[in-house]
Amino acid sequence: MLTWNYSLTDVVIAVLGICVVFNLLILMMRSLRRAAAGSGGSSVVFVKNPILETQVQSLSTPATVYDIKDLGDKTVELDIRSHREHCKFVAYWGVPIKDFPWSDAEPPHQHKEELLLGYVGSHRLQLNVKDCELGDQPRTHYHLVTVISAPEAESMLYSIYHLYGCSLKTSLLKQYLKSESGSMLAVRSIFNESRCVICMDAPATFTLLPCRHSCVCRSCLPHIQEQCPICRVYVQSYFVTSPIDTE
Ligand SMILES: [Zn+2]
Ligand SMILES: [Zn+2]
């Protein structure tokens, strides 16, 4: 038979004793670890993978196509802002898709209109795109391709439009910049927030990739936790959108 030979005081003292011994052990382990780190011993430090910057090459466009409106009767109005004098604007319609981007200066077809945008600023152009054969579905031709170039500009801006019908409204489908070396770069829009969404104060000069949300400032960039604060897409890289912030 087991008998209970201990008083309540004995039990309390025993429990307190165990606690003291346990705390002493923890303190000893901590001081040993500190001593090891101080004497140059190895210790494991976990570092989060830093998000690396993507270096971007800036190409200035000779002009920007702001808007396109369908005026009916196969007439469209384009709102173009040229950033340089003497921009050459050429519109081609009914362009065979298989031929684009064409390697020579001109696409191999006939529907074409050419205009000179003499001054820097806004231009409204009306185009009549009659006889625009698109072929059966899937389409074999683009409705309208415009090319804007300027003397001594390092790039040409190609814009591809869908104009009417097919239950889609008139819109810009794709845009490319052709550089001096002849390479075609797809232009993708940046989703621009003017202020940093973290501090709500500094200008948002850092664009995150792959989502292209321009939403953080230099000081808040290190504080975002791997995901874009707007769309929660994992950030793989970023680039700087303002020359004042390139350090
Ligand atoms: Zn900020
Ligand atoms: Zn995003």
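UniProt numbering numbers the first residue of the sequence shown as 1 and each following residue consecutively.
From the three backbone atoms N, C-alpha and C, an ideal C-beta is built for every residue, glycine too.
Here's the rule I'm using: 16 or more other beta-carbon atoms within 10 Å means buried, otherwise exposed. How should residue i be labelled?
i: ALA91; result: buried
i: THR205; result: buried
i: ALA14; result: exposed
i: SER155; result: buried
i: LEU157; result: buried
i: GLN225; result: exposed
i: HIS162; result: buried
i: ILE26; result: exposed
i: ILE190; result: exposed
i: TYR119; result: exposed
i: SER122; result: exposed
i: ALA153; result: buried
i: GLN227; result: exposed
i: VAL11; result: exposed
i: LEU173; result: exposed
i: GLN55; result: exposed
Can you give me the C-alpha to C-alpha distance between residue i and residue j, rounded to a whole angstrom?
i: TYR234; j: GLY17; result: 51 Å
i: SER58; j: ILE68; result: 26 Å
i: LEU168; j: ASP70; result: Bear in mind that a pLDDT of 49 at LEU168, under 50, signals an unreliable position, so the model cannot answer this.
i: CYS166; j: SER237; result: Reliability of the predicted coordinates at CYS166 is poor, the pLDDT of 46 falling under 50, and the value obtained from them is presented with this limitation in mind. One C-alpha to the other measures close to 38 Å.
i: ARG7; j: PHE22; result: In the sequence under discussion, the amino acid at residue 7 is Ser, which differs from the Arg named in the question. If you take the alpha carbons of SER7 and PHE22, they lie about 23 Å apart.
i: TYR142; j: CYS231; result: 33 Å
i: ILE80; j: ASN49; result: 44 Å
i: PRO229; j: CYS215; result: 8 Å
i: VAL240; j: GLU193; result: 13 Å
i: VAL184; j: LYS178; result: Rather than Val, the amino acid found at residue 184 in this sequence is Met. Their backbone Cα atoms lie some 5 Å apart in a straight line.
i: CYS19; j: SER31; result: 19 Å
i: GLN126; j: THR75; result: 7 Å
i: VAL147; j: ARG188; result: 17 Å
i: ARG124; j: HIS223; result: 45 Å
i: PRO62; j: LEU52; result: 31 Å
i: TRP93; j: ARG195; result: 40 Å
i: MET28; j: CYS199; result: 43 Å
Output the boundary residues of the beta strand (DSSP E) element that contains residue i.
i: GLY121; result: 121–128
i: ILE91; result: Residue 91 is actually Ala in this sequence, not Ile. Here the beta strand (DSSP E) through ALA91 covers 87–96.
i: LYS112; result: 112–117
i: GLU77; result: 75–82
i: CYS215; result: 213–216
i: PHE239; result: 237–240
i: THR64; result: 63–72
i: TYR161; result: 155–162
i: HIS141; result: 141–149
Report whether the distance from the Cβ of residue i to the nearest heavy atom of ligand 1 is below 6 Å.
i: CYS217; result: yes
i: ALA202; result: yes
Tell me whether residue i counts as near ligand 2, meaning its Cβ is closer than 6 Å to at least one heavy atom of that ligand.
i: HIS213; result: yes
i: CYS231; result: yes
i: CYS220; result: no
i: CYS199; result: no
i: CYS19; result: no
i: CYS196; result: no
i: CYS87; result: no
At 3 residues or longer, and completely inside the stretch 170–211: list those beta strand (DSSP E) runs for me, N to C. 171–179, 184–186, 206–209, all fully within the stretch 170–211.
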